[in-house]
Amino acid sequence: MTDFLILAFLILVAGLVSVPLATRFGLGSVLGYLLAGMAIAPLLGALKVDVDALQVFAEFGVVMMLFIVGLELEPKKLWAMRGTLIGTGGGQVLLTVMAITGISLLNGNDWQTALAIGMVLALSSTAIIVQSLNEKGLLRSTGGEAAFSVLLFQDVAVIPILAILPLLALPELVSAVPAGEVAEAAHGSSLDLTAHLAAWQAALVRVGAVAAVAFIGNYLTRPIFRYIAAANLRELFTAAGLVFVIGIALLMSLVGLSPALGTFIAGVVLANSEYRHELESDIDPFKGLLLGLFFITVGAGIDFVLAFDRWREVVFWAALTIAVKIAVLLLVGRLSGLRRESLWLFALALPQAGEFAFVLISFALGNAIFSQDLADLLLLIVALTMLVTPLLFILYDKVIAHAYCGDADEREPDTIEEENPIIIAGRGRVGGIIDRMLNAAGHQATVIDYDSEHIEQLKKFGVKSFFGDATRPDLLASAGIDRAKMLIVALDEREQIDKLVRYACGNFPNLHVIARAKDRDHVYHLWAMGCRDIVRETYDSALRMGRSAYEALGIDHQTAIALSDTWEEMDRTSMREVADLYRLDIPSWENEPLLAKIRELRAEWDPKLRQSMDDIIARGS
């Protein structure tokens, strides 16, 4: 028990120290976990911890991660990705295997060994890529979805790879394999119910297992979860979710399929389930902890003695692997229609070797394909490529994405050849609706937006907008701001909103400015700049939700409206009194007169508001 507590304490402390530091310096959590593992490797060695066994356990985090990803991906969307799955994924695996096999042959390896090396290094790290894309909000981008499609294909490709590897055994290495040793087939599982079946029988069993997963997800989960939810104990629902995921993973392992692929399919099946969100929230903490543990074990599993002895060789082959895979990914991505930053995200996300390489290397070693020396070298190469991956994401963030954003900034602003009494700055979620509302009532507006791609898309729908930075005085002048009656500021970024409101209110006192505010403090800020028509972007939605909450509590519709209106009137009145005390030169929490006024108003208004609410409810009843 003491040994377990020491191990758990070391791992948790390492993660708690390294990950926040790595995140603060923009390195991402994955690199933080990897560095944590490297830092505690000597301590784990002193405690004689079996890092490989710990890694097999931690790989279940990858299984849970793909289940959650599946929950967010509806079946029809997955079907729409079939071309990318087969074409892009298949092309990447095939071309990468061919390229790395060719290089290995040139290096003097037997063709069997060279082909095995190509198959091992062709796969990428699902754990690192999906975690990194999720953290950066890029998983649903064009490049992110293409990368994810390739990862799914690779997970399927593991099955034929495991079938091919035993056929590549070298006679001179067979004697080196201990008698009776059985290579593990998948994710460290030594039990495969299809191992002694004919190929066509094994295929039928595997298809049946996938069909069983789909059947369970579609028809059995709802009544089971409904029965468990009736107990009204959250821990039971969490346990049921874990049983479901572990059971699916176990079923896939028993038939020689990837547990991650099986749970992903289960997640997709449940994507439209009413229990989707609760399952996601229950599984997510376990997924996060196990993924962190997996990355730590990768860092801790590096053989530093061997790495120092052969560092030139390791660095050379790791760099060559990454370069070859990037070249292949750029070719495949371009043939698949990816362009600009999407193509580079795709290429820079996938060039590392994957966590499954550790299993395949062990499998090849046990099947007399790799020598022990080659296996040790490959393990270091795989680990180094995984360590470099977060740095490639930093390269994308700081250089590639920035460069393509720069391309949009370098585009010359459109010439605004029309002049309308209304100017709208920004045509996103807010500005677009305002423009349509005004247009429906017969009022024409000049809309300016700096997202060139969005503007080009809108043109295809017959919607006219002008490209440019609406905060630039020269562009506003060309739009006729000195003769306009109204300026509607619907930009997303607070700094841009402030810049435009300050300029408009300071230079055009007769112009009616309607400004979008991010929050209450921003309302005060814009008021202090001179704007007198300010709308909080989430305010009306919050009022409607509050009114719905009243009705859900049994209050009739008209009474709920009256309660909502009373609250809104008090809120607006009190805000007006506070706004006059706001100062632009100091934060609101350091403005003593403002704080004192808020405390005074709360003491005065809260009892009055409660009394008004009680009176309304009494009249309504």
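Quick note: the sequence shown uses the numbering used here, first residue 349, plus one each step. We put the beta carbon where it would ideally sit given N, CA and C, even for glycine. Predicted, not measured: the structure shown is a model, and the values here were computed from it.
{"Check": "Own chain partners of Q844 with C-beta closer than 7 Å, once the 5 adjacent residues on each side are dropped", "Outcome": "T819"}
{"Check": "T794: first and last residue of the uninterrupted beta strand (DSSP E) it sits in", "Outcome": "A793 to D797"}
{"Check": "Nearest-angstrom Cβ-Cβ length linking S621 and T569, presumed shorter than 8 Å", "Outcome": "7 Å"}
{"Check": "Unbroken beta strand (DSSP E) run spanning R570, endpoints", "Outcome": "Note, R570: premise wrong, no beta strand (DSSP E); alpha helix (DSSP H) at T569 to A577."}
{"Check": "Of the listed residues E916, C853 and G894, nearest to L874 (C-alpha basis)", "Outcome": "C853"}
{"Check": "Reference A475, options N457, G485 and F496, closest by Cα", "Outcome": "F496"}
{"Check": "Selected residue, minimal CA-CA separation from L725, among I613, N566, A655 and I594", "Outcome": "A655"}
{"Check": "The stretch 623-640 / the stretch 393-412 touching (three or more Cβ pairs under 8 Å)", "Outcome": "yes"}
{"Check": "Short Cβ contact (8 Å threshold) for A838 with G776", "Outcome": "yes"}
{"Check": "Burial state of K812 (16 or more Cβ within 10 Å)", "Outcome": "exposed"}
{"Check": "Assigned exposure category for D503 - 16 Cβ within 10 Å defines buried", "Outcome": "buried"}
{"Check": "Where V417 falls: helix, strand or coil (DSSP)", "Outcome": "helix"}
{"Check": "Local conformation of D881 per DSSP, three classes", "Outcome": "strand"}
{"Check": "Proximity of S912 and R924 at Cβ, strictly below 8 Å", "Outcome": "no"}
{"Check": "Residue burial classification, I509 (beta-carbon count within 10 angstroms, cutoff 16)", "Outcome": "buried"}
{"Check": "Those runs of the alpha helix (DSSP H) which lie wholly inside the stretch 806-854 and span at least 4 residues", "Outcome": "821-826"}
{"Check": "Local conformation of R864 per DSSP, three classes", "Outcome": "strand"}
{"Check": "Same chain only: Cβ atoms within 6 Å of G902, ignoring 5 sequence neighbours per side", "Outcome": "none"}
{"Check": "Cβ distance (whole Å) where G649 is taken to contact D400 below 8 Å", "Outcome": "7 Å"}
{"Check": "Closest Cα partner of A470 within the set I862, P571, G437 and G492", "Outcome": "G437"}
{"Check": "Length of the line joining the Cα atoms of M893 and R884", "Outcome": "15 Å"}
{"Check": "Beta carbon of F694 nearer than 8 Å to that of A505", "Outcome": "no"}
{"Check": "Buried versus exposed call for Q805 [16 or more other C-beta atoms within 10 Å across all chains shown]", "Outcome": "exposed"}
{"Check": "Simplified DSSP state of A773, which is helix, strand or coil", "Outcome": "strand"}
{"Check": "Helix, strand or coil at H535 according to DSSP, with G and I counted as helix", "Outcome": "Any reading at H535 must be qualified, since the residue scores a pLDDT of 43, below 50, and its modelled position is unreliable; the value itself is stated next. In the structure shown, H535 sits in coil (DSSP, three-state: anything other than H, G, I, E or B)."}
{"Check": "Same chain, Cβ closer than 7 Å to D755, neighbours up to 5 away in sequence not counted", "Outcome": "Residue confidence for D755 is low, a pLDDT of 49 falling below 50, so the modelled location carries little weight; the figure read from the coordinates is stated next. Excluding residues within five positions, none has a Cβ falling inside 7 Å."}
{"Check": "Spatially closest choice to R970 from G431, W459, I742 and D817, by CA coordinates", "Outcome": "The question about residue 970 has no answer, for the chain in this structure spans 349 to 969."}
{"Check": "Where the alpha helix (DSSP H) through H544 begins and ends", "Outcome": "H544 -> no alpha helix (DSSP H), and no H or E assigned at all."}
{"Check": "Outcome for P738 when other beta-carbon atoms lying within 10 angstroms are tallied against a minimum of 16", "Outcome": "buried"}
{"Check": "V555 classed as buried or exposed, judged by whether at least 16 other C-beta atoms fall within 10 angstroms", "Outcome": "exposed"}
{"Check": "contact_flag[the stretch 358-369, the stretch 715-730] where n(CB pairs < 8 Å) is 3 or more", "Outcome": "no"}
{"Check": "Distance, L481 Cα to L487 Cα", "Outcome": "5 Å"}
{"Check": "Beta-carbon proximity list for D783, same chain, < 7 Å, skipping 5 on both sides", "Outcome": "I772, R775, A793 and V795"}
{"Check": "Where W937 falls, given that 16 or more other Cβ within 10 Å makes a residue buried", "Outcome": "exposed"}
{"Check": "DSSP-derived helix/strand/coil call for R967", "Outcome": "helix"}
{"Check": "Alpha-carbon to alpha-carbon, A614 and F573", "Outcome": "15 Å"}
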